[in-house]
Amino acid sequence: MTTNPSAPRGSALVTGAGGALGRAIALRLGADGFSIGVLGREGDLLRETAGLLDAEGIPHRVLAVDLRDGAAIEAALTETETELGPLTALVNNAAIYPATPFLEISQDEYEDVVRVNQTAYFLAAQGAARRMADRGAGSIVNIGSITFHGGWANLASYVSTKGASVGLTRALARELGASGVRVNGVSPGAFPTKAEEIHENPAEYNQFVIDRQSIKRRGTDAELAAVVSFLVGPDAAFVTGQTINVDGGWIME
């Protein structure tokens, strides 16, 4: 990957940057000219993302954060700006997805999913928007899921929080537009990531996905990252409040 030789575009904070999709987004935005705040749980995956950014010469800062901790999210936003420059893009991507039948989900499990997938999105967006609004420009992208549109067995906690991300996107776009802050969403389809480990038969699930998509192949992480790149970039200057399904034509609405 070759970095864009154009002028720097400020900093972008990507949550869940140790996962496959978050890593692809971080690398693409880095190539676009952003300095990258690499936020996620402490561990090898986060360090691997940092290593790939290093290899591409992309300025970055590793931020090991538990997204259940609101104060830590605010501190990460501050550190991103202090070390990398004005925050011009936020990608809320991190999520957890315990696979549990609805009638067996405990309150503790449900509330844990909400803290990571919903409350953290809200707090990160709020902290980012305060900074962006002061400067009159910025872009927030919330990563949703096509499971919100179609429902999904054994993932009620996850699906409900992904629906919340769509609602949050619309509400913030309406409220923040006058301040120059755009808010959009991206709903990935079934990309071949670690998340598929919740399915007992990988080959059977792979065929299930392809049968339902209009495009008869699996998507790539880079293809999802390209849509995020568009939404935070200048070509989407008149786009806000939208959630784009990137799913090979599975869900059409």
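Be aware that the sequence shown starts at 1, since it is given in full-length UniProt numbering, and climbs by one per residue.
Idealized CB from N, CA, C, for every residue including glycine.
Return helix, strand or coil for residue i, following the three-state DSSP convention.
i, result
"T3", "Summary for T3: the model assigns pLDDT 46, below 50, so the residue's position carries little reliability, and this model does not support an answer."
"N92", "strand"
"S139", "strand"
"N201", "coil"
"A190", "coil"
"L155", "coil"
"G144", "coil"
"G167", "helix"
"A129", "helix"
"S160", "helix"
"E111", "helix"
"Q118", "helix"
"E253", "coil"
"S106", "coil"
"S179", "helix"
"A237", "coil"
Hey, would you say residue i sits closer than 9 angstroms to residue j, going by beta carbons?
i, j, result
"G70", "R41", "no"
"V186", "N117", "no"
"I36", "L90", "no"
"T88", "G138", "yes"
"T15", "L39", "yes"
"D247", "G180", "no"
"A24", "D221", "yes"
"V166", "T243", "yes"
"V62", "L45", "no"
"A129", "L176", "yes"
"N92", "A125", "yes"
"R28", "A225", "yes"
Which residues mark the beginning and the end of the beta strand (DSSP E) in which residue i is found?
i, result
"N245", "243-246"
Quickly, what does DSSP pair residue i with across the bridge? List them, please.
i, result
"G150", "Paired residues: none, contrary to the question."
"residue 296", "Since the first residue of the chain shown is 1 and the last is 253, residue 296 is not available in this structure."
"N206", "Its beta-bridge partners do not exist; DSSP assigns none."
"N184", "V141"
"L87", "S11"
Please tell me whether residue i has its Cβ less than 9 angstroms away from any Cβ of chain B.
i, result
"W152", "Going by chain labels, chain B is absent from the structure shown, which holds only one protein chain."
What are the boundary residues of the alpha helix (DSSP H) that residue i is part of?
i, result
"L224", "221-232"
"I73", "70-84"
"L52", "44-55"
"G30", "20-32"
Taking contact to mean 3 or more Cβ pairs, one atom from each stretch, closer than 8 angstroms, check whether the region 148-165 and the region 215-222 are in contact. no
Examine the Cβ distances between the region 62-78 and the region 108-126 and report whether three or more of them are shorter than 8 angstroms. yes
Does the region 155-164 come within contact of the region 96-111, defined as at least 3 CB pairs closer than 8 angstroms? yes
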